[in-house]
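J.:
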Amino acid sequence: MANTLERRLSKVQVSQKAQQFTESVIREMTRQAIRYNAVNLAQGFPDFAAPAVIKRAAQDAIEADLNQYAITWGATDLRHAIARKFSEWQKLEIDPDREVTVCCGSTEAMMASLLAVANPGEEIIVFEPYYENYGPDAIICGAVPRYVTLHPPNATKVDWHFDAAQLRAAFNDRTRAIIVNSPHNPTGKVFELAELELIRDLCVEHDAVAITDEIYEHILYDGAQHISLATLDGMRERTITINSLSKTYSVTGWRVGWAIAPPELSSAIRKVHDFITVGAATPLQAAGVTALFLPADYYDELTRGYAQRRDLLLPALQAAGFKAFSPRGAYYIIADISGFHAENDRVFAQRLVEEIGVAVVPGSSFYRHPEQGAHQVRFAFCKTLATLERAVGNLQKLSAVF
Ligand code: PLP
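Counting from 0, one number per residue, gives the positions in the sequence shown under numbering that gives the first Met the number 0.
1) Which same chain residues end up closer than 7 angstroms to ALA57 when comparing Cβ atoms and leaving out the 5 residues on each side of it in sequence?
2) Whose C-beta lies closer than 6 angstroms to the C-beta of ARG345 among residues of the same chain, with five residues either side of it excluded?
3) Is the CB-CB distance between THR383 and PHE47 below 8 angstroms?
4) Taking the DSSP output, what are the residues bridged to SER243?
5) Unbroken alpha helix (DSSP H) runs of length 4 or more, entirely within the region 343-369: which are they?
6) Could you say which of ARG173, PRO128 and ARG34 lies nearest to PRO119 if we only look at CA atoms?
7) For ALA290, count neighbouring C-beta atoms within 10 Å of its own C-beta (all shown protein chains included) and say buried if the count is 16 or more, exposed if not.
8) Would the beta-carbon of VAL277 fall within 8 angstroms of that of THR71?
9) Check each candidate in ARG34, ASP136, TYR331 and ILE332 and name the one with the smallest Cα separation from ILE123.
10) Are the CB atoms of GLY372 and VAL38 within a distance shorter than 8 angstroms?
11) Roughly how far, in whole angstroms, is the beta-carbon of ALA117 from the beta-carbon of ARG175, given that I think they are within contact range, below 8 angstroms?
12) Could you have a look at GLN317 and say whether DSSP puts it in helix, strand or coil?
13) When the Cβ atoms of the region 90-104 are set against those of the region 154-161, are three or more pairs found closer than 8 angstroms?
14) Can you tell me whether VAL52 is buried or exposed? The criterion is at least 16 other CB atoms within 10 Å of its CB, across all chains shown.
15) Compare the C-alpha of GLU353 against each of GLU204, MET28 and LEU311 and name the closest.
16) Can you find the residues in the same chain that come closer than 8 angstroms, C-beta to C-beta, to VAL189, ignoring five residues on each side of it along the sequence?
17) Looking at the structure shown, is HIS79 part of a helix, part of a strand, or coil, going by DSSP?
18) According to the Cβ coordinates, are ILE214 and SER245 closer than 8 angstroms?
19) Is any heavy atom of the ligand PLP found at a distance shorter than 7 angstroms from the C-beta of THR251?
20) What residue does the beta strand (DSSP E) around GLN375 start on, and which one ends it?
21) Rank HIS150, GLN67 and SER105 by C-alpha distance to the C-alpha of THR211 and give the top, closest one.
22) Does the separation of the CB atoms of CYS102 and TRP253 fall below 8 angstroms?
Below, the structure written as structure tokens:
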């Protein structure tokens, strides 16, 4: 009786959109890690301290009573710091007063951008595997995601890659936007100039907008170069560049991100953003100014630290029986679990967290069809070397369990 009532109520009260997606698997795995006291290599947040100078700046801002709403599209100083950093790093001048919208993390920036550009029924192109938020993002704005496959490295390509013909075929009259996440989560792919040029040509040809997610822009390995799509000829006027403090400054809980876009797009993003969240936390926006002014060697050290972590985890995974590719950017390793006796990625991940004491993300959460990721799991290595060593120690038990 109670069950029937619950079923009836949930049908009445839950929107069709909300029924189309599930809770985030990534965030669920963090809850599992806590439950089983496992090492959390699931969710992409650092377990080490943020730079002392930016923590002090946040404390100072609260002490100075920067405790009320900032301007809805972002505190003036922060927007100016974002514009300055973008011009120094990517050599593109932008107007901080008309082309920057500060949001609650890049998560909100992506949602606000999609709501600002896409109409119900229009298509959004997404490279697959993809960061799991993009699927629900598209559903929430009523758009239809259209997927283009990223293939793993092979004898001729050192990085994940897509088929130009498949990308070309994905563009059509209904295409409104393409999401380009580089460096890419979960594969670690860093999009190269020729790939970005093809994306540019297709966007121009089909009058589509590119929405880039560049939050791992400073986490690069083996000489990989980050190129902002907006810097390519013809793209400045049709690109929304999304970024945040989360990953570069190890403050994922601060929820400060932004979208850079030409004025007409920015004013649409600003309206949507205003009515979703009003604004990001004022004192943390103030601390963001300090973060964006950190000296160049901060970024060198960030990259060096992540390379060291990757170089600890990757060979350990390979030695433990995973087939894994070396990421060229971001801080994840997609690992193939075919060498183990497990029904699928979800069963494997569940047993890994419960019996081995390591939490990972099942590969299926990065694909629209679960079977495509059924032989993969994702490890996040944004952790201290001690945490990674503990995980590697726990993984020694793998052969006894699988
Ligand atoms: N985009 C990608 C590709 C991510 O991997 C993540 C977090 O893991 C986010 C966005 C979320 O970023 P933010 O904390 O800025 O909302």
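Even glycine gets a Cβ: it sits at the ideal position worked out from N, Cα and C. Keep in mind it's a predicted model, so treat the numbers as computed, not measured.
T.: Inspection of the coordinates gives the following:
1) PRO282, LEU283 and ALA286
2) PRO361
3) yes
4) GLY256
5) 344-350
6) ARG173
7) buried
8) yes
9) ASP136
10) No; because the gap between Cβ atoms is not below 8 angstroms, this pair is not in contact.
11) 5 angstroms
12) Assigned with DSSP and collapsed to three states, GLN317 falls in helix.
13) Using a C-beta cut-off of 8 angstroms, the region 90-104 makes no contact with the region 154-161, since fewer than three inter-stretch Cβ pairs fall below that distance.
14) exposed
15) The candidate whose alpha carbon is nearest that of GLU353 is MET28.
16) ASP158, SER181, PRO182, HIS183, LEU219, ALA223, GLN224, HIS225, ARG327 and GLY328
17) In the three-state DSSP reduction, HIS79 falls in the helix class (H, G or I).
18) yes
19) Under cutoff, so the answer is yes.
20) 375-379
21) For THR211, the nearest C-alpha among the options comes from SER105.
22) Result no, Cβ atoms of CYS102 and TRP253 do not sit closer than 8 angstroms.
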